[in-house]
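Heads up: the sequence shown is residues 3 to 421, going by the numbering used here. Everything below concerns the one structure shown next.
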Amino acid sequence: MAAVDVEIPKLEQNLRNLKLAGHVGFDSLPDQLVNKSVQSGFVFNIMCIGETGLGKSTLMDTLFNTSFESAPSPHTLPSVKLKAHTYELQESSVRLKLTICDTVGYGDQINKDDSFKAVVDYIDAQFEAYLQEELKIKRSLSSCHDSRIHVCLYFICPTGHGLKSLDLVCMKKLDTKVNIIPIIAKADTISKSELQRFKAKIIQELSNNGVQIYQFPTDDETVADTNSTMNTHVPFAVVGSTEFVRVGSKSMRARQYPWGTVQVENESHCDFVKLREMLIRTNMEDMREKTHTKHYELYRQKRLEQMGFTDVDSDNKPVSFQQTFEAKRSNHLAELQSKEEEVRQMFVQRVKEKEAELKDSEKDLHAKFEKLKKDHSEEKRKLEDARKKLEEEFVEFNRRKAQMATHHTLTLGKNKKGK
Ligand SMILES: Nc1nc2c(ncn2[C@@H]2O[C@H](COP(=O)(O)OP(=O)(O)O)[C@@H](O)[C@H]2O)c(=O)[nH]1
Ligand SMILES: [Mg+2]
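Right, dumping it as structure tokens:
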């Protein structure tokens, strides 16, 4: 392929600021963007990790103020299974395709060593599906369902004693793959003073183990203050409920106990509102973006490197995709050729060996045949000799017999004369 020299003008150097004499209209670009996004709808995928019975399904119902109708899972599963369900939700004119991925059987096995593996595999599989679509010649990224997990809500058991080792191991394995928001489940079971200590302990343990959890972004001024305050409230202590009680004229989600009522949306009762605010109302787009630009990017980079692609060669010089591909192709061809040559050599060698073997056995056969022939003629000669000898003996015998006969007659004659 002939190289084409194209002079690329240095844009920055030629950049001039111009004033417009009147209204042109490209100030509508943000609106165009909004309209387009609203039209195509949004996708958001949540993964809930936590032991069975920690209130994952209840919290999802509470968060989206609906009933996803999930059947409670048993505690007896032999391994962790990931189950994803997708729902189409609509609020005013905005459509949201929401996928909730549940870790069924998480933490239920006696040996919990591999509990996180199913989760990691699931997250990787979604990245891989997206990567494969991206690498296709005919891509349909906008129409195919993006199943990459945008956020992982990690449900912590409200023990008041800090994290379990399974929690730490799993979050450590996931922190480069997904935005993790740890939450304290069933926070109505823990007292106010205990909760503060528990939260501090969890944060301490996470940082001691180098687990990176999702930080609400503070680079956008409009939300920087709220987000930075909210970052200090993590892990949110949440309560979920499918029961409603009337408070004044409003019906709200709550949990009723003999000693009182926990209102899910009451900020002095729990952090549910904070979680909903951060997860859905303020940072949903940031989590979608971080998933693509940070976590997926890392996965993509690792996978392409695994496949043997690189941006720079050993001398740190830029290498294009095509160069890498061609180098790989010629390497592959050379390898193929040397393999072919090796196989050919081996074949020739084998044929030679077989030929020599055949020649040897032919020689053997020949020698055996010669020996047999020799033995046979020897035998024949011996027999001939024996026959001759016998014949001679026979002649001799006959002769002697005749002689004896004559002698007998003579002797008898003499005797007659004597009488
Ligand atoms: N005390 C308390 N119980 C809860 C809470 N959320 C859910 N539960 C109860 O815990 C049980 C299991 O909840 P579920 O949502 O099925 O848990 P999952 O297995 O994690 O999906 C149910 O009886 C719920 O009513 C909560 O915030 N506090
Ligand atoms: Mg459930």
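Here a beta-carbon is modelled for each residue, glycine too, at the ideal position from N, C-alpha and C. None of these values were measured; they are calculated from a predicted model.
| In or out: PRO74 buried (at least 16 other Cβ within 10 Å) or exposed? | exposed
| query | For ASP190, which three-state DSSP category applies? | reply | helix
| said: At the level of alpha carbons, what is the spacing between CYS103 and THR220? | reply: 28 angstroms
| query | Is VAL241 near CYS272, with beta carbons less than 8 angstroms apart? | reply | yes
| request: State yes or no: is the C-beta of ILE151 within less than 8 angstroms of the C-beta of ASN47? | output: yes
| said: Just checking PRO74 against ligand 1 - is the residue's beta carbon closer than 7 angstroms to any of the ligand's heavy atoms? | reply: yes
| query | Which whole-angstrom value describes the C-beta separation of PHE70 and LEU91, a residue pair presumed to lie in contact below a C-beta threshold of 8 angstroms? | reply | Actually they are not in contact, since the Cβ atoms of PHE70 and LEU91 sit about 10 angstroms apart, beyond 8 angstroms.
| LEU133 beta carbon less than 8 angstroms from that of ARG305 | yes
| query | So what does DSSP say about PHE46, is it helix, strand or coil? | reply | strand
| In terms of residues, what are the limits of the alpha helix (DSSP H) holding GLN2? | Residue 2 is absent from the model: the chain starts at 3 and stops at 421.
| task | Return yes when at least one heavy atom of ligand 1 lies under 7 angstroms from the C-beta of LEU56, else no. | result | Yes.
| Does the Cβ of LYS188 lie closer than 7 angstroms to at least one heavy atom of ligand 1? | Yes.
| request: Taking all protein chains shown into account, decide if MET406 is buried (16 or more other Cβ within 10 angstroms of its Cβ) or exposed. | output: exposed
| message | With H, G and I counted as helix, E and B as strand and the rest as coil, what does DSSP make of ASP33? | response | helix
| field | Rounded distance between the beta-carbons of LYS188 and LEU56, thought under 8 angstroms | value | 7 angstroms
| message | Rounded to whole angstroms, what is the Cα-Cα separation between VAL180 and HIS294? | response | 10 angstroms
| message | Once the 5 residues before and after LYS175 are set aside, which same chain residues still bring their CB inside 6 angstroms of it? | response | PHE118, VAL122
| message | Buried or exposed for ILE215, going by 16 or more other Cβ atoms inside 10 Å? | response | buried
| For ALA256, which residues does DSSP report across the bridge? | Within the DSSP bridge table, the entry for ALA256 names GLN265 as partners.
| field | Per-residue DSSP class, three states only, for CYS146 | value | coil
| field | Contact the segment 245–262 vs the segment 284–301: 3+ CB pairs below 8 angstroms | value | Touching, no.
| request: Would you kindly work out how many angstroms separate the C-alpha atoms of LEU392 and GLU398, rounded to a whole number? | output: 9 angstroms
| field | Closer than 7 angstroms: ASP104 CB and nearest ligand 2 heavy atom | value | yes
| request: Compute the minimum distance between the beta carbon of SER59 and the heavy atoms of ligand 2, and state whether it is under 7 angstroms. | output: SER59: yes, Cβ under 7 angstroms from ligand 2.
| request: Look at GLU287 and CYS159 and say whether their C-beta atoms are less than 8 angstroms apart. | output: no
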